[in-house]
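Undergrad: Dropping the structure in here first, questions after.
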Amino acid sequence: MRRDTEGRQGATIAEFAFTLALLMAPLFAGVWDVSKFIDINQVLTRAARDGVVAASRGEDPTAMIKDYVAAAGLFPEDLIISIVQGPEQPGLGEEVSVQLAYDFSGYTIFPWEDFLPNGLTTSAYAKME
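Going letter by letter, the sequence shown gives residues 236 to 364 in this note's numbering.
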């Protein structure tokens with residue numbers, strides 16, 4: 236007996252393409268989300284470092300940090316900025332820190348908020364100059 240495989244090759248290719256698309260779409264979405272996390276983390280890290288340098292010189296870095304985040308294409312209203320200094324009148328050598336937390340909901344494909352409820356966070360530390 237000979238099977239009639241003529242005409243089935245097209246169906247096999249279509250099934251393979253459909254299955255491959257179902258498998259690859261979540262993978263590509265995950266790669267997209269991870270790349271967004273890396274990008275947002277890079278922006279936050281740089282903003283925190285620049286902000287802590289300004290804070291170590293006695294300046295208020297809040298506006299500068301928000302401008303930096305906005306220039307990177309992120310929404311500054313999703314950013315929480317915490318500046319922690321030592322005593323009321325910090326002196327030379329006292330530690331100052333800038334802590335940033337960013338709510339990334341709306342930037343990703345998958346609902347990562349369940350796994351990272353505080354969003355992305357970063358901190359930078361310096362001594363008062």
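Each residue gets a CB set at the ideal place from its N, CA and C atoms; glycine is no exception.
Values in this document were obtained by computation on a predicted structure and should not be read as measured data.
Pull up the CB-CB distance for GLY354 and ASP338, whole angstroms please, since I reckon it's below 8 Å.
TA: The count along the sequence shown starts at 1 and reaches residue 354 at position 119. The count along the sequence shown starts at 1 and reaches residue 338 at position 103. GLY354 to ASP338, Cβ: 4 Å. Contact.
Undergrad: Rounded to whole angstroms, what is the Cα-Cα separation between ALA298 and THR343?
TA: Along the sequence shown, one-based indexing puts residue 298 at 63. Along the sequence shown, one-based indexing puts residue 343 at 108. If you take the alpha carbons of ALA298 and THR343, they lie about 26 Å apart.
Undergrad: DSSP three-state call for GLN320: helix, strand or coil?
TA: Counting from one through the sequence shown, the residue named residue 320 turns up at place 85. DSSP places GLN320 in strand when its eight states are reduced to three.
Undergrad: How is ILE300 classed by DSSP in three states: helix, strand or coil?
TA: Here residue 300 is taken as the residue at index 65 of the sequence shown, counted from 1. The answer is helix: DSSP assigns ILE300 an H, G or I state.
Undergrad: Is LEU314 helix, strand or coil when you go by DSSP?
TA: For this step, residue 314 is matched to residue 79 along the sequence shown. Three-state DSSP puts LEU314 in a strand.
Undergrad: Buried or exposed for GLY245, please, with buried defined as at least 16 other CB atoms from any protein chain shown within 10 angstroms of its CB.
TA: Counting from 1 along the sequence shown, the entry for residue 245 is found at position 10. Classification for GLY245: exposed.
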